[in-house]
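For reference, the structure discussed in these notes is given below.
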Amino acid sequence: MKFVTDHMLGRLARYLRLLGYDTFYPEKPLDDDSIIDIARSQERVLLSRDRVLCSRYSNSLLIKSENYLEQLKEVIDRFNLDGKMMLSRCSVCNTPLEKIEKEKVKGRVPENVFLNHEEFYICPGCGRIYWMGSHTKRIIETLEEVLGFEGRGD
Numbered sequence: 303m304k305f306v307t308d309h310m311l312g313r314l315a316r317y318l319r320l321l322g323y324d325t326f327y328p329e330k331p332l333d334d335d336s337i338i339d340i341a342r343s344q345e346r347v348l349l350s351r352d353r354v355l356c357s358r359y360s361n362s363l364l365i366k367s368e369n370y371l372e373q374l375k376e377v378i379d380r381f382n383l384d385g386k387m388m389l390s391r392c393s394v395c396n397t398p399l400e401k402i403e404k405e406k407v408k409g410r411v412p413e414n415v416f417l418n419h420e421e422f423y424i425c426p427g428c429g430r431i432y433w434m435g436s437h438t439k440r441i442i443e444t445l446e447e448v449l450g451f452e453g454r455g456d
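One point on numbering: in the working numbering, the residue at position 62 of the sequence shown is 364, and numbering is uninterrupted.
See the structure below:
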């Protein structure tokens, strides 16, 4: 399942990506016709808080809440999403992550991170490097607590 959000739903887009779902989020605001064109041409579900925009595209979900975690819950409940692919996409650019050898990240991550972690992932799209640090663990804990399922929080 793939999504497109309008510019009002940046945090929702980020959290859908953290769950592993391909989510297009425009870097700058787009007009309604452009968002619908992207949704239609890429076969994406349109997510928006804009009632008029959602009424113009049948494969859409009108998001009711203003809180990003409640928004995420709305999407999860409506489409029966799970966390099986959690942390598999770049939360910044949406590209699938690839595992990278530890030695290849030396000098590209803080020294204490390099010394204390064995598993790293890289985004081939933007070059960002990911590891299971305390920030990532807090994100997983938040998702598990608020949404009531377990992902990859080992």
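We put the beta carbon where it would ideally sit given N, CA and C, even for glycine.
These numbers were taken from a predicted model, which means no experiment stands behind them.
Let's test the definition: count the other Cβ atoms within 10 Å of the Cβ of residue i and tell me whether it reaches 16, buried, or not, exposed.
i, result
"CYS392", "buried"
"ARG353", "exposed"
"ARG319", "buried"
Determine the direct distance from the alpha carbon of residue j to that of residue i, and round the result to whole angstroms.
i, j, result
"GLU447", "SER357", "33 Å"
"VAL394", "LEU383", "20 Å"
"GLU345", "CYS425", "24 Å"
"THR444", "LYS386", "16 Å"
"TYR367", "VAL306", "Here residue 367 is Ser; the residue named in the question, Tyr, does not match the sequence. Distance between the alpha carbons of SER367 and VAL306: 17 Å."
"SER336", "GLY450", "35 Å"
"TYR359", "SER343", "12 Å"
"GLY312", "TYR327", "7 Å"
"LEU314", "VAL377", "9 Å"
"GLY455", "LYS439", "Low local confidence applies: a pLDDT of 43 at GLY455 is under 50, so the model's placement there is unreliable, with the coordinate-based value given in what follows. Distance between the alpha carbons of GLY455 and LYS439 is about 7 Å."
Do residue i and residue j have their C-beta atoms within less than 7 Å of each other?
i, j, result
"LEU374", "TYR317", "yes"
"ARG380", "LEU363", "yes"
- Message: Below 8 Å, how does it come out for the region 348 to 357 and the region 305 to 325: are there three or more Cβ pairs, yes or no?
- Response: yes
- Item | Complete runs of the alpha helix (DSSP H) confined to the region 325 to 384 [at least 4 residues] | 334 to 343, 353 to 357 and 370 to 381
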